[in-house]
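These protein sequence lines map, in sequence, to chains U, D, G and E. Numbering of the first sequence is given in this note's numbering, commencing with residue 1 and proceeding in unit increments. Numbering of the second sequence is given in this note's numbering, commencing with residue 1001 and proceeding in unit increments. Numbering of the third sequence is given in this note's numbering, commencing with residue 2001 and proceeding in unit increments. Numbering of the fourth sequence is given in this note's numbering, commencing with residue 3001 and proceeding in unit increments. See below for the structure under consideration.
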Amino acid sequence: MTELCGVSLRGPVLNGSGTFDAIAARRAFGDALLERFPFDAFVSKTITLEPRQGNPPPRLWETPAGMINSIGLPNKGLEGFLASDLPELGRLPVPLVVSVMGFSREELAQLVAAVGERDEVSMLELNVSCPNVETGLIMGADPAETALAVERVRGETAKPLVVKLTPNATDPAAVAAAAEGAGANAVSLVNTLKGMALDPQSGEPWLGGRTGGVSGPAIRAIALEQVAAVASAVEIPVIGMGGISNGRQAADFIAAGATAVAIGTESFRDPAAGRRIAAELNDVSLSIGTPTTRSTPV
Amino acid sequence: MTELCGVSLRGPVLNGSGTFDAIAARRAFGDALLERFPFDAFVSKTITLEPRQGNPPPRLWETPAGMINSIGLPNKGLEGFLASDLPELGRLPVPLVVSVMGFSREELAQLVAAVGERDEVSMLELNVSCPNVETGLIMGADPAETALAVERVRGETAKPLVVKLTPNATDPAAVAAAAEGAGANAVSLVNTLKGMALDPQSGEPWLGGRTGGVSGPAIRAIALEQVAAVASAVEIPVIGMGGISNGRQAADFIAAGATAVAIGTESFRDPAAGRRIAAELNDVSLSIGTPTTRSTPV
Amino acid sequence: MSEPRTLAPPERRVAVVSGVERIGAYCVITAHDGSGPRNPRPGQFYMLATEECWGGGSDERPYLPRAFSYARAYVEPDGVALSFLLEAIGPGTERLAALRPDEGLALVGPLGIGFRAPPDGFRPILVGGGIGAAPLLCLQEELDETTVLLGFRSAAHAQAAALFSGEPKVATDDGSVGQQALVSELLATELDADPGATVYACGPPAMLEAVRALCAERDVPAQLALESGMACGFGACFGCVVPTTDGYLRLCVDGPVLDADRLETVL
Amino acid sequence: MSEPRTLAPPERRVAVVSGVERIGAYCVITAHDGSGPRNPRPGQFYMLATEECWGGGSDERPYLPRAFSYARAYVEPDGVALSFLLEAIGPGTERLAALRPDEGLALVGPLGIGFRAPPDGFRPILVGGGIGAAPLLCLQEELDETTVLLGFRSAAHAQAAALFSGEPKVATDDGSVGQQALVSELLATELDADPGATVYACGPPAMLEAVRALCAERDVPAQLALESGMACGFGACFGCVVPTTDGYLRLCVDGPVLDADRLETVL
Ligand SMILES: Cc1cc2nc3c(=O)[nH]c(=O)nc-3n(C[C@H](O)[C@H](O)[C@H](O)COP(=O)(O)OP(=O)(O)OC[C@H]3O[C@@H](n4cnc5c(N)ncnc54)[C@H](O)[C@@H]3O)c2cc1C
Ligand SMILES: Cc1cc2nc3c(=O)[nH]c(=O)nc-3n(C[C@H](O)[C@H](O)[C@H](O)COP(=O)(O)OP(=O)(O)OC[C@H]3O[C@@H](n4cnc5c(N)ncnc54)[C@H](O)[C@@H]3O)c2cc1C
Ligand SMILES: Cc1cc2nc3c(=O)[nH]c(=O)nc-3n(C[C@H](O)[C@H](O)[C@H](O)COP(=O)(O)O)c2cc1C
Ligand SMILES: Cc1cc2nc3c(=O)[nH]c(=O)nc-3n(C[C@H](O)[C@H](O)[C@H](O)COP(=O)(O)O)c2cc1C
Ligand code: FES
Ligand code: FES
């Protein structure tokens, strides 16, 4: 049992936003997905106020021990999400976290208000860090900008607000502290690192979005350092992610100060990765005892 | 033939500072090293004003397709370097670039003046980006700080000044532009990304320096994006590096706007990597033609 | 008609390689899947990776699993023998082609939507270009009285034609085997002879586009098995989209088989 | 006396694996090196990696090459046969232990400074702990009238003792083979019997420290082959330092063999 912002979860393993579509996965795997659901809480893909079709393909590039994505936040928009996706996500066997991104504070406020009042929703995650959308980079990289955004939306819902941090910042710990000061209930990190690939033939950018975000084991050591730095800078819980592919690695993030972890890219390799990692984490904890105090090493 | 800041090199492949010790390598490989020298210019390990013993071991951690180092800039200090190392480095078959780091602008100025007046030295590289030393992070992550440092030292030597940028910054392109504005003749990037590893047994930091810098193929896509962004923001030449392990990848950095490339971690796997990559780069260029114009994709 | 989709178990499992056979330029990998469904539908695919050493190839790849249509599935007492036809073109396929018997093949699948049955009275024409022949092998076994048209780059590639039953008509770019022609030219001739046909095609984009255009002109119903870069194969990453008349579709969950009339172009 | 260092070619080369043999808990890999020097010096090491599939193991490793003392080097008409004794304890050694004949072994070496000859009239005692026996095998062949003392965890590990000529004295932690003792206890007995000895030791830190302390007390000259994590093996990364009386030394270029009196402690 894990307690996160007053919500009790059967365990500490979430999915990273945008790395698991429970609705599509149900089409591929059927009810077995719900019977053996991989995560202890489900985080939706980031939604925006207006519908978005996302970036033109190609959207993917494989890198050493990782990948670059340039998806561009395709989603049905607030209305479409509330009407068609939310009811189905509400029937998942675990608590629901909805990720939202606004291109202005007002938009963000509108999203938080509308999503926050729905009973299916346990928490909200503010994506101020998506490297594929200009605003994300600006808001999430700057402590003051982040504080203003959180302050603006704080009043719109009583539900826990998680701020998702970008690693593409000089000082993520300062951004986290600013979010905490403005009323965030938790922070999650890392989002993807900005990256690029060129077409082997033409030497031009491979990705339709020209640049994208790097994820996977390649970024794990970078993510772990940022999680440790952030955990030592804030009192609120930290959700750690970035390249986690087994329980031993998840235990490292918890030892670095995270209360929960999220699995992203590893789910692409194994749809049951979340469940497997939760079990491995359990064994690790039993064998060496997961540090409960934050032995945050920075 | 490559021309870099008025210095002509037999080719575009350098070593990354601190990733090849020509003096130690000569002890291991003998004169064959000089007969088949791997690089077209040699960049020294960063030196400081005072001698440093560096960080306590362990200093290394292997990561997926990369590594973390926490070396801590061990060096003989300015005097020791000028007296014992410089003469030997001056006998290398290629032009010499000396990398310097100061813990204050005055220190930096002293280093630049003393190193700049030595005939063995063709260029100087200002390491304002080493993630293992506090100042590095601060100076190199902030455009204004960087400009002040470059302005302060610019008058101390007529030789080309290369500013080595850190990737641990919100906007490396802005830092590069600031360096250019202050009189830098070139910029080189990326240095290592801040990272951390925990001891599997204790859950405490593995590295003696607690955190370290991530290098190798794992960071290549991140480095390529920053090189492209920087190349499109400045007119001065860019020396691109970060995870390059073959000629095809080196060609990508050049296509992204780099005039030359540097090899770091790959030299640990193969001391002749620089030579091999230069040859492969040649073949790639012949086969597809290296883009000469900067098709900088950001 | 319910969509031709057999559900996959919601986790990666390990099948055991029973055979690796070279067929000219291609390679057939057969593995025993003891815990997956025994009835994948033609056109469905699996995400594959080797259990050991998936990584450390050229450019320090592969890392992600790779998508492969199954070519054949034979039910065995304790599971199903899955065969995949592949061409080694990069680090992932090279590693898979280097598999040896008894090594583990990690897989997720079957995934996606396969080929739909032909409309009543329509004669099925199967059109394959290169490695695109793979999903047509199991499809041919399910349909009766099919005409099979195959196009290959060279004689080494054309050896794969021998995997089909009956007498597939073969075209090669260099004329070394069958006619020197494009497989789309063979299709045009067939359709001229008998417009009452329905087309099932898989192959490179240029070929699929030629097939699409031909069938569109003649109002011949066609199903195309497309490809795109995939990271997950089950709708998680949104990376595999292709533009259709209804906007971007994720090929892994809404395809890989699409009705030709849903595409303005394949290119 | 010039330092016992045979120079390495300044590039990575590929040797061809000729044999992989299990010896209890260990594994002996022999490879034919056609272009390297034929006379490495005992105590020198090579940086090894497999030519194929170096990566994709546990934790998505290995990536860097791994350091191994050569255990034996036999000159052959067209090169030299190098043998390495290794224990599979992680992704790198596991991949190396999985090598098969004819696979490529990428190597750089010989590297570092080996063992120096014994001072005149001193009787050499070779002390090995576990895998630390490796460099003592070639050393024994170079010296005459050596006493060999070996310590192992278990009987499975102790099988490596059979690789030595003569009658090495063996101690095991569990007493399953030889005496139930620490190898340092065997050494103490030897030194009590004959102080006019010089010690060559390789093994885990705790054992080396016990040896160092014993020899220091008795003023017995000792050379210790140390280990530390290495990325490059030729002085490039500054990662392999150990603290000595002259400050941090890079073990790969100033070692791995060090005179015991240069260390305050091995731990
Ligand atoms: C539904 C489906 C079914 C398929 N069925 C089959 C089949 O039956 N048989 C078969 O042989 N193949 C099949 N494929 C294609 C197969 O998945 C690819 O050939 C395989 O993924 C290639 O991987 P690779 O590592 O060998 O080559 P890669 O190096 O991945 O190269 C493959 C292509 O990807 C691009 N590319 C190059 N480098 C990268 C990179 N770093 N990241 C991303 N893209 C890159 C290039 O365009 C290159 O031509 C299918 C694909 C799909 C989507
Ligand atoms: C000069 C020298 C000679 C040697 N000779 C021999 C020999 O003859 N035979 C032999 O068997 N061994 C020898 N070794 C040791 C051998 O190099 C190591 O056992 C090998 O590197 C282990 O690699 P691995 O991937 O199997 O294990 P690793 O996973 O690398 O683990 C080895 C140790 O490294 C640490 N570690 C764990 N994870 C990491 C990580 N991600 N990054 C860095 N460190 C980590 C841990 O302490 C672990 O116990 C020698 C070492 C040196 C320096
Ligand atoms: C294909 C893909 C899509 C993603 N989409 C989102 C998103 O919509 N919102 C978000 O906050 N993060 C998104 N992320 C970032 C992940 O949630 C996660 O922060 C990141 O991938 C690092 O974790 P990992 O290395 O385990 O994948 C996405 C990542 C990937 C790979
Ligand atoms: C062990 C090690 C030591 C390094 N020391 C220095 C240094 O002294 N000065 C410096 O500017 N960069 C230093 N670097 C950074 C490299 O020069 C290079 O910028 C970085 O490693 C990225 O390139 P790579 O991925 O090819 O290694 C060091 C890197 C490594 C791995
Ligand atoms: S491959 Fe991931 S959504 Fe289709
Ligand atoms: S291993 Fe790199 S300096 Fe010793």
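Even for Gly, the Cβ is constructed at its ideal location relative to N, Cα and C. Note that the structure is predicted; figures quoted are calculated from it, not measured.
Using a threshold of 7 Å, is the CB atom of residue 1139/D nearer than that to any non-hydrogen atom of ligand 6?
-> Annotation for residue 1139/D indicates a beta carbon at 7 Å or more from all heavy atoms of ligand 6.
Please name the residues in the stretch 2060-2088 of chain G whose beta-carbon is closer than 7 Å to at least one beta-carbon of chain D, in chain order.
-> Result list: 2060.
How would you write the range of the alpha helix (DSSP H) that residue 254/U sits in, first residue to last?
-> In the DSSP assignment, residue 254/U falls within the alpha helix (DSSP H) that extends over 247-255.
Which residues mark the beginning and the end of the alpha helix (DSSP H) in which residue 25/U is found?
-> Segment 22-29, the alpha helix (DSSP H) holding residue 25/U.
Are the beta-carbon atoms belonging to residue 2267/G and residue 2204/G less than 8 Å from one another?
-> No, Cβ-Cβ distance for residue 2267/G and residue 2204/G is not below 8 Å.
So is the beta-carbon of residue 1081/D under 7 Å away from any non-hydrogen atom of ligand 8?
-> By its list of ligands, the structure shown excludes ligand 8, since it contains just ligand 1, ligand 2, ligand 3, ligand 4, ligand 5 and ligand 6.
Give a yes or no on whether 8 Å exceeds the smallest Cβ distance from residue 71/U to chain G.
-> Interface annotation, residue 71/U: in contact with chain G, CB-CB separation under 8 Å.
Can you tell me whether DSSP reads residue 3173/E as helix, strand or coil?
-> In the displayed model, residue 3173/E falls within coil according to three-state DSSP, outside both helix and strand.
Where does residue 91/U land, buried or exposed, given buried means 16+ other C-beta within 10 angstroms?
-> Exposed.
Could you tell me whether the Cβ of residue 283/U comes closer than 8 Å to any Cβ of chain B?
-> The chain labelled as chain B is not found among the protein chains of the depicted structure, namely U, D, G and E.
Of all the CB atoms in chain G, is at least one closer than 8 Å to the CB of residue 99/U?
-> So, not an interface residue.
Is residue 373/U near ligand 3, with its Cβ less than 7 Å from a heavy atom?
-> Chain U is shown only over 1 to 298; residue 373/U falls outside these bounds and no answer can be derived.
So, using beta-carbon positions, are residue 2220/G and residue 2263/G closer together than 8 Å?
-> Judged by their CB atoms, residue 2220/G and residue 2263/G are not nearer to each other than the 8 Å cut-off.
For residue 2215/G, decide whether its Cβ has a neighbour in chain E, counting only Cβ atoms nearer than 8 Å.
-> By this cut-off, residue 2215/G is not an interface position.
Classify residue 2067/G as buried or exposed, calling it buried when 16 or more other Cβ atoms lie within 10 Å of its own Cβ.
-> With 16 or more Cβ atoms within 10 Å of its Cβ, residue 2067/G is classed as buried.
Compare the C-alpha of residue 2142/G against each of 2081/G, 2043/G, 2030/G and name the closest.
-> When 2081/G, 2043/G, 2030/G are compared, the shortest CA-CA separation from residue 2142/G is found for 2043/G.
Go through the stretch 3172-3231 of chain E residue by residue and report every complete run of the alpha helix (DSSP H) that reaches 4 residues or more, in order.
-> Segments of the alpha helix (DSSP H) lying fully in the stretch 3172-3231 of chain E: 3183-3193, 3205-3218.
Check each candidate in 2229/G, 2012/G, 2145/G, 2097/G and name the one with the smallest Cα separation from residue 2166/G.
-> The candidate whose alpha carbon is nearest that of residue 2166/G is 2145/G.
Mind checking if residue 233/U is an interface residue toward chain G, Cβ cutoff 8 Å exclusive?
-> For residue 233/U, no CB of chain G lies under 8 Å from its own CB, so it is not counted at the interface with that chain.
Let me know the alpha helix (DSSP H) ranges lying completely inside the stretch 43-99 of chain U, each 4 residues or longer, listed in chain order.
-> Counting only runs of 4 or more, we get 77-80, 86-90.
Ligand 6 heavy atom lying under 7 Å from the CB of residue 2160/G | Residue 2160/G: no, Cβ never under 7 Å from ligand 6.
Comparing alpha-carbon positions, which option in 2022/G, 2153/G, 2193/G, 2196/G lies nearest residue 2179/G?
-> The shortest C-alpha separation from residue 2179/G is found at 2153/G.
Return the residue from the list 1070/D, 1069/D, 1085/D that minimises the CA-CA distance to residue 1076/D.
-> When only C-alpha atoms are compared, the closest one is 1085/D.
Contact between the stretch 170-189 of chain U and the stretch 1212-1223 of chain D: three or more CB pairs below 8 Å?
-> When C-beta atoms of the stretch 170-189 of chain U are compared with those of the stretch 1212-1223 of chain D, fewer than three pairs fall below 8 Å, so the two segments do not count as touching.
Mind the definition here: the stretch 2112-2119 of chain G touches the stretch 1263-1283 of chain D only if three or more C-beta pairs lie below 8 Å; say whether that holds.
-> Cβ pair count under 8 Å is below three, so no.
What residues of chain U sit near residue 1168/D, judged by a beta carbon separation below 7 Å?
-> Within chain U, the residues placing a beta-carbon under 7 Å from that of residue 1168/D are 170, ordered along the chain.
Going by DSSP, which residues form a beta bridge with residue 3032/E?
-> Residue pairing by DSSP places residue 3032/E opposite 3016/E, 3081/E in a beta bridge.
Within the 8 Å Cβ cut-off, does residue 1270/D reach chain U?
-> Taking CB atoms only, residue 1270/D has no neighbour in chain U less than 8 Å away.
Chain-ordered neighbours of residue 1214/D on chain U, where CB pairs are closer than 7 Å = For residue 1214/D, the residues of chain U that pass the 7 Å Cβ criterion are 221, 222, in the order they occur in the chain.
Contact under 8 Å by Cβ, residue 3240/E with residue 3258/E = Cβ atoms of residue 3240/E and residue 3258/E: not closer than 8 Å.
Straight-line Cα distance separating residue 39/U from residue 9/U | Distance between the alpha carbons of residue 9/U and residue 39/U is about 10 Å.
Given residue 3095/E, which residues of its chain have a CB within under 8 Å of its CB, disregarding the five upstream and five downstream residues?
-> The beta carbon of residue 3095/E lies closer than 8 Å to those of 3050, 3053, 3054, 3057, 3062 in the same chain, with the five residues before and after it left out.
Specify the secondary structure class of residue 189/U as computed by DSSP and reduced to three states.
-> Three-state result, residue 189/U: strand.
Rounded separation between residue 2120/G and residue 2041/G - CA only = Each residue's alpha carbon lies about 19 Å from the other.
Distance between beta carbons of residue 2186/G and residue 2149/G, contact taken as under 8 Å | About 5 Å separates the beta carbon of residue 2149/G from that of residue 2186/G, a gap short enough to meet the 8 Å contact definition.
Taking only heavy atoms of ligand 5 into account, decide whether any of them is closer than 7 Å to the Cβ of residue 2251/G.
-> Yes - ligand 5 has a heavy atom lying nearer than 7 Å to the Cβ of residue 2251/G.
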